[in-house]
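Engineer: Pasting a structure below so you can have a look.
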Amino acid sequence: MSEEVTAQVTAQELFSDYEEDESTANEKYLDEMVEVTGKIERVNVEQEKSTIQLKTDHMMAGIICEFEAGELTNIPAEGDTITVRGICTGKLMDVVLVRCILMNS
Amino acid sequence: MKTIIISGILLLLGSITSVEAQKYFTREAQVSFFSDTPMEEIEAHNGTSTCVVDFEDQRMEFAVLIKAFQFEKALMQEHFNENYMESHKFPKATFKGKIINPTELSAKKGKQDVEVQGTLTIHGVDQEVTAPGTIEFTKENVMVSSVFTVAVSDYDIDIPGVVRDNIAKEVEITVDATLEPLK
Chain S
69 MSEEVTAQVT AQELFSDYEE DESTANEKYL DEMVEVTGKI ERVNVEQEKS TIQLKTDHMM
129 AGIICEFEAG ELTNIPAEGD TITVRGICTG KLMDVVLVRC ILMNS
Chain X
914 MKTIIISGIL LLLGSITSVE AQKYFTREAQ VSFFSDTPME EIEAHNGTST CVVDFEDQRM
974 EFAVLIKAFQ FEKALMQEHF NENYMESHKF PKATFKGKII NPTELSAKKG KQDVEVQGTL
1034 TIHGVDQEVT APGTIEFTKE NVMVSSVFTV AVSDYDIDIP GVVRDNIAKE VEITVDATLE
1094 PLK
């Protein structure tokens, strides 16, 4: 698992890459630390893990960024544009990033 | 005239007893597993599972990315992905099933015990499973939870001899999800 950022993309670019060809996208992003910039669709703060969903042009799906407990101290607002670093674990409906760190807000 | 009144009453009854929104959804369902042996306790958590429940036909689906399970020890997570689950080959685990008991859920408030039956697919292997759980309708959401066990050997997961005493033969799975109405 890489701790160096191997790709810097927008939420839309990451999602489109997965929509176009999942296996090629996996070769590029899977298990890699990816830096993603996008607009916040939704924030879900939980006691344990919190998640931020980034917007794409897809009606239902986007990028899900999961933060470990205690990681998200400054909670950004819906509509903000943020940059997040996290490990890409592939795509279900959304592309999932885990162990995220918020770079700015 | 009589039929109009009767069908009107039936319609009214129908709208009272049926669940207001039919489909509920989340992409933040929590799925954890726990393996307990005298040698070692291992647990992993995944907070990015998707879950859809359609109350019209009582169907229920879950999906998780294997690589999104987080362990306390990075090395354990690596072994889990590379050696046991082969997540590069089988990136997802899914459950597709139905609430079989009760056969008709009511949208009344409070926790209800349910039984769910369906196909659990892990490591590329399909198994028919039945699991107990609860469903609770709150004002806006639906909470779903379940605890059940799976036998590692049912899913062709090969645990090498050196760590066989460290990994339980039956692993406990906990599911907790808060679903929102799908508009």
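Residue numbers (the working numbering), protein chains in the order written: chain S, 69 to 173; chain X, 914 to 1096.
Using N, Cα and C, we set each Cβ at its ideal position, and we do this for glycine too.
Would you call S/Glu134 buried or exposed, if buried means 16 or more other Cβ atoms sit within 10 Å of its Cβ?
Structural biologist: As a first step, residue 134 of chain S is located in the first sequence; it is residue number 66 there, counting from the start. By the neighbour-count rule (16 or more Cβ atoms within 10 Å), S/Glu134 is buried.
Engineer: With three or more beta-carbon pairs closer than 8 Å as the criterion, would you say the stretch 1068-1084 of chain X touches the stretch 997-1009 of chain X?
Structural biologist: Flag = yes, the stretch 1068-1084 of chain X and the stretch 997-1009 of chain X touch.
Engineer: How is the beta strand (DSSP E) around X/Leu978 delimited, first residue to last?
Structural biologist: As a working note, residue 978 of chain X is residue 65 in the second sequence. Element bounds for X/Leu978: Arg972 to Leu978.
Engineer: When DSSP labels each residue in this structure, what does S/Glu88 get in the three-state scheme?
Structural biologist: Counted from its first residue, the first sequence places residue 88 of chain S at position 20. Three-state result, S/Glu88: helix.
Engineer: Of the choices S/Phe83, S/Glu116, S/Gln115 and S/Ser91, whose alpha-carbon is the least far from that of S/Val102?
Structural biologist: Numbered from its first residue, the first sequence carries residue 102 of chain S at position 34. When each option's Cα is compared against that of S/Val102, the closest is S/Phe83.
Engineer: Hey, quick one: how far does the alpha helix (DSSP H) through X/His992 stretch, first residue to last?
Structural biologist: Here residue 992 of chain X is taken as the residue at index 79 of the second sequence, counted from 1. Run containing X/His992: Ala987 to His992, per the alpha helix (DSSP H) assignment.
Engineer: Counting only Cβ pairs nearer than 9 Å, list the residues of chain S close to X/Lys1005.
Structural biologist: As a first step, residue 1005 of chain X is located in the second sequence; it is residue number 92 there, counting from the start. The contacting residues are Gly158 and Leu160.
Engineer: Among X/Ala942, X/Ala1064 and X/Arg1077, which residue has its Cα nearest to the Cα of X/Pro951?
Structural biologist: The count along the second sequence starts at 1 and reaches residue 951 of chain X at position 38. When only C-alpha atoms are compared, the closest one is X/Arg1077.
Engineer: Between which two residues does the beta strand (DSSP E) containing X/Phe997 stretch?
Structural biologist: Within the second sequence, the letter at position 84 stands for residue 997 of chain X. The sequence shown places Tyr at residue 997 of chain X, rather than the Phe named in the question. X/Tyr997 -> no beta strand (DSSP E), and no H or E assigned at all.
Engineer: So which residues on chain S does X/Gly960 lean against when the C-beta distance must stay under 8 Å?
Structural biologist: For the purposes of this step, residue 960 of chain X is taken as the residue at position 47 of the second sequence. What X/Gly960 touches in chain S: Glu114, Glu116, Lys117, Thr119 and Glu134.
Engineer: Alpha carbon to alpha carbon, how far is S/Gln121 from X/Glu941?
Structural biologist: Here residue 121 of chain S refers to the residue found at position 53 when the first sequence is read from its first residue. Here residue 941 of chain X refers to the residue found at position 28 when the second sequence is read from its first residue. C-alpha separation (whole angstroms): 10 Å.
Engineer: Which of the three DSSP states, helix, strand or coil, is assigned to S/Gln76?
Structural biologist: Within the first sequence, the letter at position 8 stands for residue 76 of chain S. Three-state DSSP puts S/Gln76 in a strand.
Engineer: DSSP on X/Ile929, reduced to helix/strand/coil?
Structural biologist: Position 16 of the second sequence, counting from 1, holds the residue named residue 929 of chain X. The pLDDT assigned to X/Ile929 is 43, lower than 50, so where the model puts this residue is not dependable; a value taken from the coordinates is nonetheless given after this. Reduced to three states, the DSSP call for X/Ile929 is helix.
Engineer: Around the C-beta of S/Met128, are 16 or more other C-beta atoms found within 10 angstroms, so that it is buried, or is it exposed?
Structural biologist: The sequence position of residue 128 of chain S within the first sequence is 60, counting from 1. By the neighbour-count rule (16 or more Cβ atoms within 10 Å), S/Met128 is not buried but exposed.
Engineer: Please classify S/Glu103: does DSSP put it in a helix, a strand, or coil?
Structural biologist: To locate residue 103 of chain S, count along the first sequence from 1; it is residue 35. Here S/Glu103 sits in strand by DSSP.
Engineer: To the nearest angstrom, report how far apart X/Lys1011 and X/Gly1031 are at their CA atoms.
Structural biologist: Numbered from 1 along the second sequence, position 98 holds the residue referred to as residue 1011 of chain X. Numbered from 1 along the second sequence, position 118 holds the residue referred to as residue 1031 of chain X. Going by the C-alpha atoms only, they are around 6 Å apart.
Engineer: Run through chain X and tell me which residues come within less than 7 Å of S/Val152, C-beta to C-beta.
Structural biologist: Here residue 152 of chain S refers to the residue found at position 84 when the first sequence is read from its first residue. The premise fails here: S/Val152 is roughly 14 Å from chain X at the closest Cβ pair, so nothing lies under 7 Å.
Engineer: Are the beta-carbon atoms of S/Val104 and X/Leu978 separated by less than 8 Å?
Structural biologist: Taking the first sequence and counting its residues from 1, one reaches residue 104 of chain S at position 36. Taking the second sequence and counting its residues from 1, one reaches residue 978 of chain X at position 65. Contact: no.
Engineer: Give a yes or no on whether 8 Å exceeds the smallest Cβ distance from S/Val164 to chain X.
Structural biologist: On the first sequence, position 96 is the one that residue 164 of chain S refers to. Judged by the 8 Å Cβ criterion, S/Val164 is in contact with chain X.
Engineer: Quick check: what's the CA-CA separation for X/Val1027 versus X/Ala976?
Structural biologist: Position 114 of the second sequence, counting from 1, holds the residue named residue 1027 of chain X. Position 63 of the second sequence, counting from 1, holds the residue named residue 976 of chain X. Whole-angstrom Cα-Cα distance: 20 Å.
Engineer: Residues of chain S with a CB under 7 Å from the CB of X/Lys1082: which are they?
Structural biologist: The residue given as residue 1082 of chain X occupies position 169 in the second sequence. By Cβ distance, chain S contributes nothing, its closest Cβ being about 27 Å from X/Lys1082, past 7 Å.
Engineer: Where S/Thr78 and S/Glu146 are concerned, what is the direct C-alpha to C-alpha distance, given to the nearest angstrom?
Structural biologist: Position 10 of the first sequence holds residue 78 of chain S. Position 78 of the first sequence holds residue 146 of chain S. Their Cα atoms are separated by approximately 17 Å.
Engineer: In terms of alpha-carbon separation, which member of X/Val1057, X/Thr1062, X/Asp1067 and X/Val1065 lies closest to X/Thr939?
Structural biologist: Taking the first residue of the second sequence as 1, we reach residue 939 of chain X at position 26. When only C-alpha atoms are compared, the closest one is X/Val1057.
Engineer: Work out the CA separation of X/Thr1007 and X/Thr1034 for me, nearest whole Å.
Structural biologist: Start at 1 with the first residue of the second sequence, and residue 1034 of chain X comes out as number 121. Start at 1 with the first residue of the second sequence, and residue 1007 of chain X comes out as number 94. C-alpha separation (whole angstroms): 5 Å.
Engineer: Quick one: Cα of X/Ile1080 to Cα of X/Asp1067, how far?
Structural biologist: To locate residue 1080 of chain X, count along the second sequence from 1; it is residue 167. To locate residue 1067 of chain X, count along the second sequence from 1; it is residue 154. Going from the Cα of X/Ile1080 to the Cα of X/Asp1067 covers about 15 Å.
Engineer: Within 10 Å of its beta-carbon, does X/Thr930 have 16 or more other beta-carbons around it, so buried, or fewer, so exposed?
Structural biologist: Translated into the one-based positions of the second sequence, residue 930 of chain X becomes position 17. With a pLDDT of 44 at X/Thr930, under the threshold of 50, the modelled position of this residue cannot be trusted, and the question is left open.
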